[in-house]
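In full-length UniProt numbering, the protein residues as written are 1 to 138. Contents: one structure, followed by commentary.
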């Protein structure tokens, strides 16, 4: 019986990730990153409301103001989930009051441009989508 190294086992497991399969763990990741608040946080983090410029750290209060109508609970839960997944990092500075900043990790940066593009696509094509909805419903 041939033994496999840990690296070979990881490579084989990676090849087996197929989101079309019901048992694939990547489905849970897709579920997470397709959430509207995740999309908006990853698009906005450091880029601001127009999604222009390079990513930079942002304070919690900055994100809260930028993401109109997000509750404090939802923003906190989403940021914690993104930190757990390794997409953002959280830095606490011992100031009065405490300053908390969030920044994209290298893994988060790999998703940033895509999420920013998705947000911009939705904004750019909303009129067309609304026209198609009206025609379909009519």
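Just so you know, even glycine gets a beta-carbon here, dropped at the ideal spot from N, CA and C. Note that the structure is predicted; figures quoted are calculated from it, not measured.
Query: Rounded to a whole number of angstroms, what is the C-alpha to C-alpha distance between residue 64 and residue 43?; Result: 14 angstroms
Query: Can you find at least 3 beta carbon pairs, one from the region 4-11 and one from the region 25-45, that sit closer than 8 angstroms?; Result: no
Query: Could you work out which residue in 27, 62 and 124 is closest to residue 102 when comparing CA atoms only?; Result: 62
Query: So what does DSSP say about residue 96, is it helix, strand or coil?; Result: coil
Query: So is the beta-carbon of residue 23 under 8 angstroms away from any non-hydrogen atom of the ligand ADP?; Result: In the structure on display, the ligand ADP does not appear, and there are no ligands present to speak of.
Query: Grab the span of the alpha helix (DSSP H) containing residue 117 for me, first residue to last.; Result: 106-137
Query: Can you list, in chain order, the residues of its chain whose CB lies under 8 angstroms from that of residue 17, leaving out five sequence neighbours each side?; Result: 24, 25 and 26
Query: Given a threshold of 16 other Cβ atoms within 10 Å of its Cβ, counted over all protein chains shown, does residue 125 qualify as buried or as exposed?; Result: exposed
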